[in-house]
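There are 2 protein chains.
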Amino acid sequence: MNASQAQTPSAPALPDPAATSVGAMGWMQGFPPSADKLIVFENPMSGAFPRNRWTFSHVRELGPTANVWRGPGAASALVAAPRDLDGVVFQSMGGEALNFGQMLTRTYTDGVLVLHKGRVVYEKYFGALTPERPHLAMSVTKSFVGTLAAISVAEGKLDPAAPVTQYLPEMKDTAYGDATVRQVMDMTIGVKYSENYADPKAEVFDYARAGGMMASGPNYAGPRTFYDFLKTLQKEGEHDDGFAYKTVNAEVLAWILARANNQSLPELLSEKIWRRIGAEQDAYFMVDRIGTASGGGGLNTTLRDLARFGEAMRNGGRANGQQAIPAAAVADITRGGDPAKFAKGGYALLPGWSYRDMWWITNNEHGAYMARGIHGQSIYVDPKAEMVIVRYAAHPIAANSGNDSLTLPAFHAVAKALLAP
Amino acid sequence: MNASQAQTPSAPALPDPAATSVGAMGWMQGFPPSADKLIVFENPMSGAFPRNRWTFSHVRELGPTANVWRGPGAASALVAAPRDLDGVVFQSMGGEALNFGQMLTRTYTDGVLVLHKGRVVYEKYFGALTPERPHLAMSVTKSFVGTLAAISVAEGKLDPAAPVTQYLPEMKDTAYGDATVRQVMDMTIGVKYSENYADPKAEVFDYARAGGMMASGPNYAGPRTFYDFLKTLQKEGEHDDGFAYKTVNAEVLAWILARANNQSLPELLSEKIWRRIGAEQDAYFMVDRIGTASGGGGLNTTLRDLARFGEAMRNGGRANGQQAIPAAAVADITRGGDPAKFAKGGYALLPGWSYRDMWWITNNEHGAYMARGIHGQSIYVDPKAEMVIVRYAAHPIAANSGNDSLTLPAFHAVAKALLAP
């Protein structure tokens, strides 16, 4: 099937998923690969489509990273109970009738796993991703950082009502000089920072260059660490006015967490989550030139471990035979944020949603909530359907709008199918 | 104890191990670390003493790496049967009476593990190293590459008698244009390449810059991959004349292996060794700008997995309840090389030794053989004593002569102590 032909007339023409697959492109084959098949960090397009279909499963091969140890124990069991979900039909937000299998192809899925009542009812890998290989989570990382913040609050190590400067005095003269930790956790910060990947002048690229996540070229003279970039951020608008999704808030929160716990983010994730949920593989973070992990988008995990984390969330923090994550932390997330504030964020495809502790709360009739990355990476927890869907993807469009119109109805349709007697 | 005071009069003055420990130096503490405690890749001294005591346990945090997956199975058991070996006395080659514990301190040990009859009789970690953390193996890497070559020969995938150019036609106009694979495996290649770390103009630094293993600076115009560097190597002297230890031979062999197996070195090590010996953690390789793993010195493993590999070698390739490594490959290694050729290598401290498949054969009365890295990294297999000693270290002197006069007598003394009734 040629997906671009299958688009609705109003949708933008997208590249054919099959013709742009890792197999079809032949990236990085041979010793050495030929010049046209080579993916190198110095190429600023190494993380862009179609190279991202290879790169997102090979991030550590392009730059420095820090390990997130899974711990000494055995992996928690993931019992397979396969169901054929490919045929589950849904209607896209554009009104097109599709099924789950078509959605996976059309949204450039690298891997997807569906848990129902804790059992693996569906698990598929495409292209460069394999069950043991970590994939770039991008902004799904933020939900881990938000969860670690909620855990730190539950453990009494972090005060959400405190000013940011209590933990980060060096942020005094920045946008965060008069902000609270809670405002950072819920992204209601007034800060001049554009997340628009379609605008080459957007600050998101300054951020990526400062953190060493994309090539900065030989004449680069900007900040050389995440922290130094964060210290340049200036105020725009007011705090607490409304939800404004900006990656730098997750980096600020990660910095706060490191100070509050006196632990690096990789160590903290290992100790507080990875070792407790029975992770099967180590995870890892991209790090900047001084070894600081990116809390905004640098996490890489296997799909299976992402599923284990989602399932722990669904079970109020219980995983691997123990209270892996404090119940209070999970409750603080699932209570959600203020939909009125969220509405100011301008997400036309997400009516009635809210945002809390760096999680996206659907407020639908199933009480579903999500972690979301801009190329389609997601954790979708549906408490009513006792379902968790995790997905890694490498969509050509760096915006959730490229995925949401298909994925959100598809996830809900699968939930309803699993609820059916 | 101040180790420099404890040196024999003829030995060079060395830094006090305690005063230069990771704990004493306080490297990379804080968020961010202060400038004087920072270790960054751009600093060409980041891998030199005393920073190496931190860096060797954090290599992936400074640059790109490729994973060596341990496989889906559980780790093979390492049963502890502790013995107090600290007091085992020996005489250094300089005539000094010391014990094993003193040797460990005096040679800047990061970790050491002794297996006797497959059980862990001694295991200690110092400084930055922990049981789950990989450490830079440096030239111990070469013995893995040599073992993989011997495995490929046993599997019929590699012909040691073939010319190098059968696998690497692009090496036709280099020193390797008239060499055989066997000559590469045993390092009897006549090639202009200096391994002298004390000479800043030595080619070993050109090699390291080409492979992205050390900072090359903004005006660097030399080769940007291992392969491109190898293609510049010119002949000096004759092949097969004698043993000449040159890291580039291991890189050439790694390239041959990739071509012969159509697999990258990390994949090959995972499939042929790591998944078979019951490794406890993933290992990893440093990779260059196009993702090529360094077979000359880029491997990082935990000490425990290094011990598992040594124990598999001691048992003729049997490990984890199976013939993990072909017996023929192990036999090809342990038969050793030609001591007359080895003698031409000029190792005054290693009389009567030989070199085969990138392993060092002592030819002592115990039939011991070794893998050796220049800062003291080692695998020491003593078949008669049914003993394997593995050690990671970060000695100030980048040469085995800094370790051998103490470590070799110490290892042999421990072997004799374990043999005693």
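Chains A and B supply the protein sequences, listed in that same order. In this text, residue positions in the first sequence follow full-length UniProt numbering: the first is 1, and each later residue adds one. In this text, residue positions in the second sequence follow full-length UniProt numbering: the first is 1, and each later residue adds one. Backbone N, C-alpha and C define an ideal beta-carbon position, used for all residues, glycine too.
Rounded to a whole number of angstroms, what is the C-alpha to C-alpha distance between residue i and residue j?
| i | j | result |
| --- | --- | --- |
| Ile26 (chain A) | Asp36 (chain A) | Note that residue 26 (chain A) corresponds to Gly in the displayed sequence, not to Ile. In a straight line, the C-alpha of Gly26 (chain A) is about 10 Å away from that of Asp36 (chain A). |
| Thr180 (chain B) | Asn364 (chain B) | 29 Å |
| Lys172 (chain A) | Asp199 (chain A) | 29 Å |
| residue 424 (chain B) | Arg119 (chain B) | Summary: the structure shown does not reach residue 424 (chain B), with chain B confined to residues 1 through 421, and so no result is reported for it. |
| Val184 (chain A) | Ser264 (chain A) | 19 Å |
| Gln5 (chain B) | Arg308 (chain B) | Note that Gln5 (chain B) has pLDDT 34, beneath the 50 cutoff, so the model's placement of it is unreliable and no number is given. |
| residue 423 (chain A) | Glu267 (chain A) | Nothing about residue 423 (chain A) can be read from this structure; chain A reaches only from 1 to 421. |
| Pro396 (chain A) | Gly47 (chain A) | 10 Å |
| Pro15 (chain A) | Ala137 (chain A) | 22 Å |
| Phe342 (chain B) | Pro64 (chain A) | 39 Å |
| residue 436 (chain A) | Ser378 (chain B) | Examination of residue 436 (chain A) is not possible in this model, given that chain A is present from 1 through 421 alone. |
| Lys142 (chain B) | Met45 (chain A) | 35 Å |
| residue 422 (chain B) | Glu271 (chain B) | In the structure as shown, chain B starts at 1 and stops at 421, and residue 422 (chain B) therefore has no counterpart that could be examined. |
| Met358 (chain B) | Asn196 (chain B) | 19 Å |
| Glu238 (chain A) | Glu170 (chain A) | 20 Å |
| Asn52 (chain B) | Asn261 (chain A) | 27 Å |
| Gly337 (chain B) | Ser354 (chain B) | 5 Å |
| Ala331 (chain B) | Ser152 (chain B) | 14 Å |
| Arg275 (chain B) | Ala324 (chain B) | 9 Å |
| His135 (chain B) | Trp360 (chain B) | 21 Å |
| Lys246 (chain B) | Ala202 (chain B) | 11 Å |
| Gly376 (chain A) | Phe411 (chain A) | 13 Å |
Can you tell me where the beta strand (DSSP E) holding residue i begins and where it ends?
| i | result |
| --- | --- |
| Phe90 (chain B) | Val89 to Gln91 |
| Ser205 (chain B) | Looking at the sequence shown, residue 205 (chain B) is not Ser but Phe. Premise fails: Phe205 (chain B) lies in the alpha helix (DSSP H), Glu203 to Ala210, not in any beta strand (DSSP E). |
| Asn300 (chain B) | Leu299 to Thr301 |
| residue 458 (chain B) | With chain B running from 1 to 421 in the structure shown, residue 458 (chain B) is simply not present. |
| Glu123 (chain A) | Arg119 to Tyr125 |
| Gly111 (chain B) | Thr109 to His116 |
Considering residue i, what are the terminal residues of the alpha helix (DSSP H) in which it resides?
| i | result |
| --- | --- |
| Pro105 (chain B) | Residue 105 (chain B) is actually Thr in this sequence, not Pro. From DSSP, the alpha helix (DSSP H) with Thr105 (chain B) extends over Phe100 to Arg106. |
Assign residue i to one of three DSSP states: helix, strand, or coil.
| i | result |
| --- | --- |
| Arg318 (chain A) | strand |
| Ser139 (chain B) | coil |
| residue 425 (chain A) | The requested residue 425 (chain A) does not occur in the structure, where chain A is confined to residues 1 to 421. |
| His412 (chain B) | helix |
| residue 432 (chain B) | With chain B covering only 1 through 421, there is no way to say anything about residue 432 (chain B). |
| Ile361 (chain B) | strand |
| Thr292 (chain A) | coil |
| Phe285 (chain A) | strand |
| Asn403 (chain B) | helix |
| Gln323 (chain B) | strand |
| Val390 (chain A) | strand |
| Tyr220 (chain B) | coil |
| Lys235 (chain A) | strand |
State yes or no: is the beta carbon of residue i nearer than 7 Å to at least one beta carbon in chain B?
| i | result |
| --- | --- |
| Arg70 (chain A) | no |
| residue 424 (chain A) | Because residue 424 (chain A) is not part of the residues shown, which for chain A are 1 to 421, the question remains open. |
| Thr65 (chain A) | yes |
| Pro218 (chain A) | yes |
| Arg60 (chain A) | yes |
| Asp16 (chain A) | no |
| Thr8 (chain A) | Unreliable positioning characterises Thr8 (chain A) in this predicted model, as indicated by a pLDDT of 42, which lies under 50. A coordinate reading is not provided. |
| Gly291 (chain A) | yes |
| Pro32 (chain A) | yes |
Are any of the Cβ atoms in chain A nearer than 7 Å to that of residue i?
| i | result |
| --- | --- |
| Val287 (chain B) | yes |
| Leu306 (chain B) | no |
| Tyr227 (chain B) | yes |
| Ile189 (chain B) | no |
| Gly56 (chain B) | The sequence shown places Phe at residue 56 (chain B), not Gly. So no, Phe56 (chain B) is outside the interface. |
| Arg259 (chain B) | yes |
| Glu251 (chain B) | no |
With a threshold of 6 Å, establish whether the CB of residue i neighbours any heavy atom of the ligand GTP.
| i | result |
| --- | --- |
| Tyr227 (chain B) | This structure lacks the ligand GTP, and indeed carries no ligand of any kind. |
Are the region 198-212 of chain A and the region 223-235 of chain A touching by the rule of at least three beta carbon pairs closer than 8 Å?
-> yes
Segment contact flag, the region 246-266 of chain B with the region 165-182 of chain B, C-beta cutoff 8 Å, min 3 pairs | yes
The region 275-291 of chain B / the region 69-79 of chain B touching (three or more Cβ pairs under 8 Å) | yes
Contact between the region 409-416 of chain B and the region 358-372 of chain B: three or more CB pairs below 8 Å?
-> yes
Count the C-beta pairs between the region 309-318 of chain B and the region 370-383 of chain B that are closer than 8 Å, then say yes if the count reaches three, no if not.
-> yes
Within the chosen definition, does the region 286-294 of chain B reach the region 31-49 of chain A through at least 3 CB pairs nearer than 8 Å?
-> yes
Taking three-plus beta-carbon pairs below 8 Å as touching, is the region 368-377 of chain B in contact with the region 389-408 of chain B?
-> yes
Below 8 Å, can you find three or more Cβ-Cβ pairs linking the region 297-305 of chain A to the region 107-120 of chain A?
-> yes
With a cut-off of 8 Å, do at least 3 Cβ pairs link the region 225-237 of chain B to the region 120-127 of chain B?
-> no
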